[in-house]
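**Student:** Structure below; questions to follow.
Numbering (my numbering), first residue to last: 1178 to 1316.
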């Protein structure tokens, strides 16, 4: 289960995390990512020859939902705009390369949360795979 920690806003404004998780694109993103995860090998690639594997077209349709949701949510997090642009480019490259082992170096380098530190500042980050030694059931 995913926990979302939100600090109360003192000026009556809605905290960024609340806006993100309350936005209609949030469940679209979450569900699309959860649909792709079981198709991935530990290295992040998708083996289309495996039993029960989806077709490349099916994965592309779900990935389009991920990209669309990131693009919808990105304006809520302008401090992460460069990362989101790089993420979308990395996702599109992953698809164009046939969903082989993903190379998300550009988006990883663009994610710079230390450049703008603020208590309660939220980020929207999508990783291409869970850690190779990590628990695939932990979000």
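Heads up, the beta-carbon is just placed ideally off N, CA and C, and yes, glycines get one too. Nothing here was measured: the structure is a model prediction, and the numbers come from that model.
So residue 1303 packs on residue 1264, CB below 8 angstroms; how close in whole Å?
**Tutor:** About 6 angstroms separates the two Cβ atoms, so the contact holds.
**Student:** Please report the distance separating the alpha-carbon of residue 1298 from that of residue 1272.
**Tutor:** If I take the Cα positions, the gap works out to 31 angstroms.
**Student:** State buried or exposed for residue 1221, treating a residue as buried only when at least 16 other CB atoms are found within 10 Å of its CB.
**Tutor:** Per the 10 Å Cβ criterion, buried.
**Student:** Beta-carbon within less than 8 angstroms of residue 1216's beta-carbon, same chain only, minus the 5 sequence neighbours each way: which residues are those?
**Tutor:** Only 1223, 1230, 1231, 1236 meet the Cβ criterion.
**Student:** By DSSP's criteria, residue 1217 is part of a beta bridge. Which residues make up the other side?
**Tutor:** In the DSSP output, where bridge partners are listed per residue, residue 1217 has 1223.
**Student:** With C-beta atoms as the reference, is residue 1251 less than 9 angstroms away from residue 1266?
**Tutor:** Cβ atoms of residue 1251 and residue 1266: not closer than 9 angstroms.
**Student:** I need the DSSP call for residue 1278, collapsed to helix, strand or coil.
**Tutor:** Coil, per DSSP.
**Student:** Compare the Cα-Cα distances from residue 1276 to each of 1293, 1238, 1288, 1291 and report the closest residue.
**Tutor:** Here the closest residue by C-alpha is 1238.
**Student:** Using C-beta distances below 6 angstroms, list every residue in its chain close to residue 1289, excluding the 5 sequence neighbours before and after it, in chain order.
**Tutor:** Excluding sequence neighbours, residue 1289 sits near nothing in its chain.
**Student:** Between residue 1200 and residue 1253, which are expected to be in contact by the criterion C-beta below 8 angstroms, what is the C-beta distance as a whole number of angstroms?
**Tutor:** Sure, about 7 angstroms apart at Cβ, within 8 angstroms.
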